[in-house]
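Residue numbering for the sequence shown follows this note's numbering, starting at 26 and increasing by one per position. Ideal placement from N, C-alpha and C gives every residue a C-beta, glycine not left out.
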Amino acid sequence: MNELYSFSEAVAHALATRAPVVALETTLVTHGLPHPDGIAAALALEEEVRQSSATPATIGVLRGTIRIGITREELDELATTPGVCKTNLSNLAAVIASGGLGSTTVAATMHAAHMNGIRVFATGGIGGVHRGAAESGDVSADLTALGRVPVAVVCAGAKAILDLPRTLEMLETLGVPVLGLETDDFPAFYRRASGLRVDHRVESIAELAAAVGAHFRLGLGTGVLVANPVPAAAEMSRDLYDRALQAAQADMQLHGIRGRAVTPFLLDRLRALTGGESVRTNLALLRHNARVAAQLATELAARAAHGNERLTP
Ligand code: PSU
Ligand code: MN
C-alpha cells in the first residue's frame, strides 16, 4: 500500500525547518481554467510564492498518494489527462484507493495542508452556497472544510455565480472569520466589491497575521478566510460582469447541469461569454492571492520563531 502523503524535496525541507509554506490547489488547473491556461496559472502561482521567499506546495493526487509539492511532469499529467477526478472531502478516499489521478479542490487541499502542518493556502475563489440551493441543496464542501480545518485561505472572495449573502451567512454559522485585506467589502472574484461586508478589515500583512494568529490560538478549529480583492487594473467591468453572469446562469438551467459539474460549467461559459476576459481577471487575482499568502506565511513563521506567537492553543 502507498503512503498517504508524499513530499517534494523543497516542501519536505521547508516543513522540517519551519520555513513558510503556501499550499496551492489543482482543481483550478483541471477544471477551473482551459488548457493550457491552467498549467500557466499553476506555474505563475508557484513563482509568485517563491519570489516572496516562501515555498509553494501544489497539491494533487497521483497513483494513490496525495503529493504535497507536485513536479512539473505531474502538473502536466494532471492538466492533460482526460477525466481527472475533481476531489473534495467526499470522494478523496475513493480516488486514492483507485490509484488514479485527482485534482484537489479548496476543501481537499485544506485538509491535506492541515494534516501536514501547512497553515496558509492561496486560491482564486472558494466554493459556497449555490443560487437556488433551496431546491438543489448544492452547497460546496469548501464551506464544510472551512468550518472544520484550521487553515487560512487567501482568496478574492467567492464567485458571484454563487449566492453570496447566503455564503457569508454560512461562514458566520460555521465560525469562520472573514478578514478583508484593505477592504470593508466582501470581494466578488471578478469584481472588487459585492456590496456585502467582511467581519473585520485589516490594513497590512502584520495586522492580518496578528488576527490569523489569534484565531488559531483560540483553538476553535475552524479556518479563516482572507478576502483579497482583485487588483483594480484587472477588475472586470460591471456591465460585462452582469451580462455574462446572467447568460451563464441561464445556460446552466437550459443544460440541466448539476453537482460537481456546476462550477466548471459556469466558469467555462463565463470565459466564452467574456471573450476570455474572465480568464485574464482570474490569473491576475490568483497571482495577487499567492503573493499575499506568501507574505502571510512568512509573517506567521517569523512570529512563531520569535516565540511571541504560538500557532496552537
Ligand atoms: N473558483 C474558481 N476556480 C475554480 C474553483 C473555484 O475560480 O477552479 C474550484 C475550486 O477548486 C473550488 C471548487 O474548491 O471549484 C468548488 O467546487 P464546488 O462548487 O463543486 O464545491
Ligand atoms: Mn457542489
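Can you tell which of the options has its C-alpha closest to the C-alpha of residue i?
i    : options                : result
C110 : A329, A326, A286       : A286
V203 : S229, D188, R217, L233 : L233
P289 : R43, T52, Y30, V86     : T52
D188 : G149, A170, S161       : S161
L310 : L291, R217, A297       : R217
F146 : V237, G332, G301, V86  : V237
F214 : D264, S303, A159, R144 : S303
R97  : A65, G182, V164        : A65
A327 : A231, S115, V86, V255  : A231
T299 : A329, D264, T42, M277  : D264
A75  : G172, A39, P59         : At residue 75 the sequence reads Arg, which differs from the Ala that was named. Looking at the Cα atoms, A39 is the closest of the given residues.
M135 : S78, G172, A329        : G172
S31  : V201, V255, N141       : N141
L87  : A48, A272, L29, E73    : L29
L325 : R222, T169, V47, T148  : V47
A272 : E207, N113, I186, A159 : I186
I95  : G57, V131, E50, S115   : E50
N307 : I84, A239, G63         : G63
V255 : T148, I121, T130       : T148
V120 : R242, D101, G85, R144  : G85
L114 : V36, V131, D101        : V131
T55  : T112, D276, L245, M277 : T112
S33  : P45, T83, G57, P59     : T83
G89  : N116, E73, D101, A329  : N116
R144 : F241, A35, G301, I91   : F241
A159 : R191, T169, A133, A170 : R191
Compute the beta-carbon to beta-carbon distance between residue i and residue j, rounded to the nearest angstrom, for a pair I have assumed lies under 8 Å.
i    : j    : result
R71  : P81  : It should be noted that the sequence gives Glu, not Arg, for residue 71. Between P81 and E71 the Cβ distance is about 4 Å, and since that is below 8 Å, they are a contact.
A177 : L321 : 6 Å
T247 : L199 : 6 Å
G152 : D167 : 4 Å
L292 : C180 : Rounded, the Cβ-Cβ distance is 15 Å, inconsistent with contact.
A118 : G150 : Rounded, the Cβ-Cβ distance is 26 Å, inconsistent with contact.
N253 : H313 : 6 Å
A137 : I93  : 7 Å
V154 : V164 : 5 Å
G220 : D209 : Going by Cβ atoms, the distance from G220 to D209 rounds to 11 Å, so no, they are not a contact pair.
T323 : A122 : Not a contact, Cβ separation roughly 37 Å.
V223 : G205 : 4 Å
R43  : A329 : 7 Å
Please find out if some non-hydrogen atom of the ligand MN comes closer than 7 Å to the beta-carbon of residue i.
i    : result
V287 : yes
G284 : yes
S165 : yes
Cβ-heavy atom distance between residue i and the ligand PSU below 7 Å?
i    : result
I151 : yes
E50  : yes
N307 : yes
H313 : no
A213 : no
H56  : yes
L29  : no
V131 : yes
N113 : yes
L70  : no
L53  : yes
L193 : no
L292 : yes
Q) Along the chain, which unbroken stretches of the alpha helix (DSSP H) at least 4 residues long are found entirely within the stretch 215-257? A) List check, alpha helix (DSSP H) in window: 230-243.
Q. For the 8 Å Cβ check, are there 3 or more pairs between the stretch 274-286 and the stretch 226-240?
A. No, the stretch 274-286 is not in contact with the stretch 226-240.
Q: Would you be able to state if there are at least three C-beta pairs under 8 Å between the stretch 189-206 and the stretch 265-276?
A: As far as the Cβ criterion goes, the stretch 265-276 does not touch the stretch 189-206, which means the pair count is below three.
Q: Evaluate the contact criterion for the stretch 125-140 versus the stretch 101-117: three or more CB pairs, one atom per stretch, below 8 Å.
A: Segments in contact, yes.
(Q) To test your reading of the DSSP string, which unbroken alpha helix (DSSP H) runs of 4 or more residues are found completely within the stretch 146-213? (A) Taking only runs of at least 4 residues, the alpha helix (DSSP H) segments lying wholly in the stretch 146-213 are 158-161, 166-171, 189-199.
**Q.** Any 3 or more C-beta pairs closer than 8 Å across the stretch 315-330 and the stretch 254-262
**A.** The stretch 315-330 and the stretch 254-262 do not touch, with fewer than 3 CB-CB distances between them shorter than 8 Å.
Q: May I have a chain-ordered list of the alpha helix (DSSP H) segments no shorter than 4 residues that lie completely inside the stretch 264-328?
A: Runs of the alpha helix (DSSP H) spanning 4 or more residues and lying entirely within the stretch 264-328 occur at 287-298, in chain order.
Q.
My parser needs the alpha helix (DSSP H) runs of 4 or more residues fully inside the stretch 57-119; what are they?
A. Those alpha helix (DSSP H) runs which fall completely within the stretch 57-119 and span 4+ residues are 62-76, 97-105.
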